[in-house]
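Data first, discussion second: the structure below is written as structure tokens.
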Amino acid sequence: GAVVSQHPSRVICKSGTSVKIECRSLDFQATTMFWYRQFPKQSLMLMATSNEGSKATYEQGVEKDKFLINHASLTLSTLTVTSAHPEDSSFYICSARAPHGQSYEQYFGPGTRLTVT
Amino acid sequence: QKEVEQDPGPLSVPEGAIVSLNCTYSNSAFQYFMWYRQYSRKGPELLMYTYSSGNKEDGRFTAQVDKSSKYISLFIRDSQPSDSATYLCAMKGGSTLGRLYFGRGTQLTVWP
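Chains as they are written, first to last, in this note's numbering: chain A, 1189 to 1305; chain B, 79 to 190.
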């Protein structure tokens, strides 16, 4: 099956610093990856859609200058949280689109827990 | 009104019970319906995938879609403690390339 990895799995940083999270598709090429944010006992909130070789498409209300997304290759997308603040603390999950039978489906990474102190 | 509604629970059942999880939705354009299982502090794992109305069975899991009522269900037979997780419904429109719309997730605990 399609495997997606994320690194790091957990990160603690100080307020004002930037944090980079990597999302990799391990056994397939993903032209499209997605970044989600999840608060405790809440659903996944789509932040942005990342397309290889082009600018990411951000959902309404998501600050593109704060959450920088780069999709430089068919197997790697990165999310950089710039000037992080405690309210950015959350669980960040990426997914990659892969063929699923005659369709396409999203396969999720294990998530990255960000804590900003 | 949210596009996808799901009762967050929590739901607690004894081992061996039949579990019924449900979602309702408002967008009649949704054509693809999925159930994901998410263990604590992990990413969601695709469990069931259904196109349009009907039933789909995979082992102990059965997914049902009733588009006329805008209602989807996931049944788990002979539930096991290892089934304890949060179950998220998700759906998307007519394009297989479309974005997913998620429910809040239902937290399920199966106790031995």
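By construction, the Cβ of each residue, glycine as well, lies at the ideal position given by its N, Cα and C atoms. Predicted, not measured: the structure shown is a model, and the values here were computed from it.
Answer yes or no: do residue i and residue j have a C-beta to C-beta separation smaller than 8 Å?
{"i": "glutamine 116 of chain B", "j": "threonine 164 of chain B", "result": "yes"}
{"i": "proline 159 of chain B", "j": "tryptophan 189 of chain B", "result": "yes"}
{"i": "threonine 1300 of chain A", "j": "valine 1199 of chain A", "result": "yes"}
{"i": "alanine 1236 of chain A", "j": "serine 1213 of chain A", "result": "no"}
{"i": "glutamate 1210 of chain A", "j": "glutamine 1194 of chain A", "result": "yes"}
{"i": "lysine 1303 of chain A", "j": "serine 1283 of chain A", "result": "Sequence inspection shows threonine at residue 1303 of chain A; the lysine mentioned does not correspond to that position. Not a contact, by the Cβ cut-off of 8 Å."}
{"i": "serine 151 of chain B", "j": "leucine 99 of chain B", "result": "yes"}
{"i": "threonine 1263 of chain A", "j": "asparagine 1239 of chain A", "result": "no"}
What residue from the options has the CA that sits closest to residue i's CA?
{"i": "proline 86 of chain B", "options": "B:Asp156, B:Thr102 and B:Tyr129", "result": "B:Thr102"}
{"i": "serine 1271 of chain A", "options": "A:Gln1248, A:Phe1296, A:Lys1252 and A:Ile1281", "result": "A:Lys1252"}
{"i": "glycine 183 of chain B", "options": "B:Ser162, B:Gly176, B:Gly171 and B:Leu175", "result": "B:Ser162"}
{"i": "valine 1207 of chain A", "options": "A:Thr1266, A:Cys1282 and A:Ser1283", "result": "A:Thr1266"}
{"i": "isoleucine 96 of chain B", "options": "B:Leu175, B:Pro122, B:Phe139 and B:Glu123", "result": "B:Phe139"}
{"i": "isoleucine 1281 of chain A", "options": "B:Asn133, B:Gly121, B:Tyr127 and B:Gly176", "result": "B:Gly121"}
{"i": "arginine 1225 of chain A", "options": "B:Leu186, B:Val82, B:Phe180 and B:Gln185", "result": "B:Phe180"}
{"i": "serine 104 of chain B", "options": "B:Met126, B:Gly94, B:Leu175 and B:Asp144", "result": "B:Asp144"}
{"i": "histidine 1288 of chain A", "options": "B:Lys148, B:Glu81, B:Gly132 and B:Tyr127", "result": "B:Tyr127"}
{"i": "glycine 172 of chain B", "options": "B:Arg119, B:Ser130, B:Gln84 and B:Leu124", "result": "B:Ser130"}
{"i": "phenylalanine 111 of chain B", "options": "B:Lys80, B:Asp136, B:Met169 and B:Gln142", "result": "B:Met169"}
{"i": "glutamine 84 of chain B", "options": "B:Tyr149, B:Arg155, B:Val91 and B:Gly132", "result": "B:Tyr149"}
{"i": "leucine 178 of chain B", "options": "A:Ser1197, A:Leu1232 and A:Gly1249", "result": "A:Leu1232"}
{"i": "serine 90 of chain B", "options": "B:Ser157, B:Cys167, B:Leu175 and B:Ala141", "result": "B:Ser157"}
Assign residue i to one of three DSSP states: helix, strand, or coil.
{"i": "serine 160 of chain B", "result": "helix"}
{"i": "proline 92 of chain B", "result": "strand"}
{"i": "proline 190 of chain B", "result": "coil"}
{"i": "glutamate 1240 of chain A", "result": "coil"}
{"i": "aspartate 1276 of chain A", "result": "helix"}
{"i": "glutamate 135 of chain B", "result": "strand"}
{"i": "serine 1291 of chain A", "result": "strand"}
{"i": "asparagine 105 of chain B", "result": "coil"}
{"i": "threonine 1220 of chain A", "result": "strand"}
{"i": "leucine 175 of chain B", "result": "coil"}
{"i": "alanine 1190 of chain A", "result": "coil"}
{"i": "phenylalanine 1227 of chain A", "result": "coil"}
{"i": "tyrosine 117 of chain B", "result": "coil"}
{"i": "arginine 1212 of chain A", "result": "strand"}
{"i": "threonine 1205 of chain A", "result": "coil"}
{"i": "threonine 1300 of chain A", "result": "strand"}
{"i": "glutamate 81 of chain B", "result": "coil"}
Inset, instruction - Please confirm if the segment 1244-1260 of chain A is in contact with the segment 1282-1293 of chain A, defined as three or more CB-CB distances below 8 Å between the two stretches. - result: Taking 8 Å as the limit for Cβ pairs, the verdict is that the segment 1282-1293 of chain A does not touch the segment 1244-1260 of chain A.
Inset, instruction - Check distances from the C-beta atoms of the segment 122-148 of chain B to those of chain A and list, in chain order, the residues that come in under 8 Å. - result: Residues Pro122, Glu123, Leu124, Tyr127 and Tyr129.
Inset, instruction - Below 8 Å between beta carbons is the criterion; list the residues of the segment 162-185 of chain B that meet it against any residue of chain A, in chain order. - result: The segment 162-185 of chain B vs chain A, Cβ under 8 Å: Leu166, Thr174, Leu175, Arg177, Leu178, Phe180, Gly181, Arg182, Gly183 and Gln185.
Inset, instruction - Scan the segment 1213-1242 of chain A for residues whose Cβ lies nearer than 8 Å to a Cβ of chain B and list them as they occur along the chain. - result: Within the segment 1213-1242 of chain A, the residues whose Cβ lies closer than 8 Å to some Cβ of chain B are Thr1220, Phe1222, Lys1229, Gln1230, Ser1231, Leu1232, Leu1234 and Thr1237, listed in chain order.
Legend entry - Residues of the segment 1286-1299 of chain A with Cβ closer than 9 Å to any Cβ of chain B, in chain order: Under the 9 Å Cβ criterion, the segment 1286-1299 of chain A contributes His1288, Gly1289, Gln1290, Ser1291, Tyr1292, Glu1293, Gln1294, Tyr1295, Phe1296, Gly1297, Pro1298 and Gly1299.
Legend entry - Residues from the segment 1263-1288 of chain A in contact with chain B, defined by Cβ distance under 9 Å: Considering only beta carbons, the part of the segment 1263-1288 of chain A lying closer than 9 Å to chain B consists of Phe1279, Ile1281, Cys1282, Ser1283, Arg1285 and His1288, in chain order.
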